[in-house]
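**Q**
Residue numbers (our numbering): 28 to 147.
1. Answer yes or no: do residue 147 and residue 58 have a C-beta to C-beta separation smaller than 8 Å?
2. Rounded to a whole number of angstroms, what is the C-alpha to C-alpha distance between residue 131 and residue 68?
3. For residue 133, collect the residues of the same chain with a Cβ closer than 8 Å to its Cβ; drop the 5 residues on either side in sequence, then sort them by chain order.
4. What residues are listed by DSSP as bridge partners for residue 108?
5. According to DSSP, what are the bridge partners of residue 60?
6. Under 8 Å, do residue 75 and residue 110 count as touching if we go by C-beta distance?
7. For residue 89, I'd like the list of residues in its chain whose CB is within less than 8 Å of its CB, leaving aside the five on either flank, ordered along the chain.
8. Which runs of the alpha helix (DSSP H) at least 4 residues long sit entirely within the segment 58-98? Give them in chain order.
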């Protein structure tokens with residue numbers, strides 16, 4: 028299948044193709060799609076709820092690294108929540124300016140983008 032055929036069959040309106048993610052520990056590989064829109068000034072839980080309401084989810088840390096590598100220009104140079112917690116009161120964030128990942132208090136009001144996954 029050509030890239031154009033793949034995009035025509037799988038890309039939904041407003042989405043941007045981010046790349047291929049290799050499955051770990053026997054999990055299937057999948058394609059990652061960045062969804063349109065962003066949430067701003069949201070805590071980690073509010074960001075998780077926002078993405079779920081859209082029918083999607085926040086990216087994992089590995090997915091955020093892929094988004095930084097391939098689609099940095101689609102993000103403000105700010106911190107964005109990942110879906111991964113880092114203890115009882117913290118979660119991981121990705122800085123789309125420098126590329127660094129940190130864990131921060133889930134009460135911090137940051138930004139969020141949602142993703143969709145398509146297993147291969």
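Note that the Cβ used here is the ideal one computed from N, Cα and C, for glycine as well.
**A** Working from what's here:
1. yes
2. 14 Å
3. 70, 71, 72, 112, 116, 117 and 118
4. 120
5. 44 and 143
6. yes
7. 48
8. 71-80 and 88-98
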